[in-house]
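In my numbering, each residue's number is its place in the sequence shown (first place is 1) plus 161.
Cβ coordinates follow ideal geometry from the N, Cα and C atoms, glycine included.
Bear in mind the structure is a predicted one, so any value in this text is a computation, not a measurement.
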Amino acid sequence: WLWHQRLSHLNFDTINDLARNDLVAGLPKFKYHKEHLCPSCKQGKSKRASHPLKPVPNSRQRLHILHMDLCGPIRIASINGKRYILVIGDDYSRYTWVHFLRSKDEAPAVIITFLKRITVLLQSPVIIIRTDNEKEFKNQMLKVYFDSVGISHQMSSVRTLQQNGVVERQNRTLVEAARTMLIFFRAPLFLWAEAIATACFTQNRSIIHRRFNKTPYELINGRKPDISFLHVFGALCYPKNDSEDIGKLGAKGDIGFFIGYSADSCAYRIYNQRTKK
162 WLWHQRLSHL
172 NFDTINDLAR
182 NDLVAGLPKF
192 KYHKEHLCPS
202 CKQGKSKRAS
212 HPLKPVPNSR
222 QRLHILHMDL
232 CGPIRIASIN
242 GKRYILVIGD
252 DYSRYTWVHF
262 LRSKDEAPAV
272 IITFLKRITV
282 LLQSPVIIIR
292 TDNEKEFKNQ
302 MLKVYFDSVG
312 ISHQMSSVRT
322 LQQNGVVERQ
332 NRTLVEAART
342 MLIFFRAPLF
352 LWAEAIATAC
362 FTQNRSIIHR
372 RFNKTPYELI
382 NGRKPDISFL
392 HVFGALCYPK
402 NDSEDIGKLG
412 AKGDIGFFIG
422 YSADSCAYRI
432 YNQRTKK
């Protein structure tokens, strides 16, 4: 159950596939048994039928097709004041990126910055971008940029979410996992963005792409992911208090909770109960 929790409440069949087929480093090679139901999973995950999956992706290389979707507004702002989730998914690998926005107006600039960085990082061009027909994607700023770099922008028909089903499904999967983690931890709801970012981080390293029998992380980066360092969202920790004059008898450690992984460095993200940061 510890690895079920570390992997953002991943189902046991997938955990056993990861271990049995040696798809990740750092996961003990045991038979993982589901001895009882996970109450948080029962509460947090919906039972609505999904759209039929396409058996084979349309693209043959990473970044050839990117799917994008904007979710929100979330009723409760995140700890950093964000209310929208921009989800970007790679059609080939199913690797997913998430960005959190204060308003829809931020979307074009965030998308352009992301595209510039990811093409340099992976040394691959983006050929096609698929979105819905909303104005955050259908605007002059993005059109000018797409035309300048030769990106084809394909938009789904109005009120036809199935045509952008890849990212719609991933969006729902991330929200369900985050909801489950928040329920399990009994976390304040303003930590929803941290929960979604953590779910995205772990799912990229644990979901199995059935066409290749590899994780999205391996398909996008060319190497197996190491998951030995993963922790349970909400785990109790004690960050050192070295920023204030605490005196000789003051507590040297604060009470904190693990809320995810840094996107920019090999570091953990901690919510400090004393400073509320």
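Cut-off 7 angstroms between Cβ atoms - residues of its own chain near residue i, not counting five sequence neighbours on either side
{"i": "V287", "result": "L224, L227, L276, T280 and I312"}
{"i": "N177", "result": "K192 and Y193"}
{"i": "E379", "result": "K385 and P386"}
{"i": "N433", "result": "P400, D415 and G417"}
{"i": "K265", "result": "L231, Y245 and E297"}
{"i": "Q331", "result": "V248, G250 and T257"}
{"i": "R340", "result": "G205"}
{"i": "R333", "result": "none"}
{"i": "I302", "result": "The sequence shown places Met at residue 302, rather than the Ile named in the question. So the qualifying residues of the chain are P269."}
{"i": "K190", "result": "A180"}
Whole-Å CB distance - residue i paired with residue j, under 8 angstroms assumed
{"i": "S169", "j": "A360", "result": "4 angstroms"}
{"i": "V259", "j": "I368", "result": "Wrong, their Cβ atoms sit about 14 angstroms apart, outside the cutoff."}
{"i": "L343", "j": "I237", "result": "That belief does not hold up - the Cβ atoms of L343 and I237 are roughly 11 angstroms apart, past 8 angstroms."}
{"i": "L188", "j": "W164", "result": "7 angstroms"}
{"i": "L179", "j": "K375", "result": "Not really, about 11 angstroms apart at Cβ, beyond 8 angstroms."}
Minimum C-alpha distance to residue i - residue among the options
{"i": "A270", "options": "L283, K203 and N300", "result": "N300"}
{"i": "K413", "options": "R435, R244 and N294", "result": "R435"}
{"i": "R263", "options": "R221, P234 and C427", "result": "P234"}
{"i": "L247", "options": "V336, K206, L188 and Q222", "result": "V336"}
{"i": "V327", "options": "A339, D251, A268 and S309", "result": "D251"}
{"i": "F345", "options": "L171, F394, K304 and N374", "result": "F394"}
{"i": "E295", "options": "T274, A354, N332 and M229", "result": "M229"}
{"i": "C427", "options": "K438, L391 and L397", "result": "L391"}
{"i": "R430", "options": "C199, T341 and L352", "result": "L352"}
{"i": "L171", "options": "C202, N241, D425 and N374", "result": "C202"}
{"i": "D425", "options": "M302, L179 and R278", "result": "R278"}
{"i": "S419", "options": "R371, S309, E355 and E329", "result": "Sequence inspection shows Phe at residue 419; the Ser mentioned does not correspond to that position. That would be E355, whose Cα lies nearest to the Cα of F419."}
{"i": "S285", "options": "V310, L303, M302 and P200", "result": "V310"}
Cut-off 6 angstroms between Cβ atoms - residues of its own chain near residue i, not counting five sequence neighbours on either side
{"i": "Y256", "result": "N365, P377 and I381"}
{"i": "H314", "result": "I290 and F307"}
{"i": "I273", "result": "Y306"}
Any chain D beta carbon closer than 8 angstroms to residue i
{"i": "I226", "result": "Of the chains in the structure shown, none is chain D; there is only one protein chain."}
Cutoff 8 angstroms; reference residue i; Cβ partners in own chain excluding five residues on either side
{"i": "A186", "result": "K385, P386, D387, I388 and S389"}
{"i": "R221", "result": "Y253"}
{"i": "A268", "result": "L231, Y245, L247, L262, E297 and F298"}
{"i": "F362", "result": "G421 and Y422"}
{"i": "M316", "result": "R291, T292, D293, N294, F298 and K299"}
{"i": "G242", "result": "R263"}
{"i": "F443", "result": "Nothing can be reported for residue 443: it is not among the residues displayed for the chain, which extend from 162 to 438."}
{"i": "H370", "result": "S254, R255, T376, P377 and L380"}
{"i": "K304", "result": "H314"}
{"i": "E373", "result": "Checking the displayed sequence, the identity of residue 373 turns out to be Phe instead of Glu. Here the set comprises L380."}
{"i": "G383", "result": "none"}
Counted within 10 angstroms of its Cβ, other Cβ atoms place residue i as buried (16 or more) or exposed
{"i": "N182", "result": "exposed"}
{"i": "Q166", "result": "buried"}
{"i": "G205", "result": "buried"}
{"i": "A348", "result": "buried"}
{"i": "K437", "result": "exposed"}
{"i": "L397", "result": "exposed"}
{"i": "L282", "result": "exposed"}
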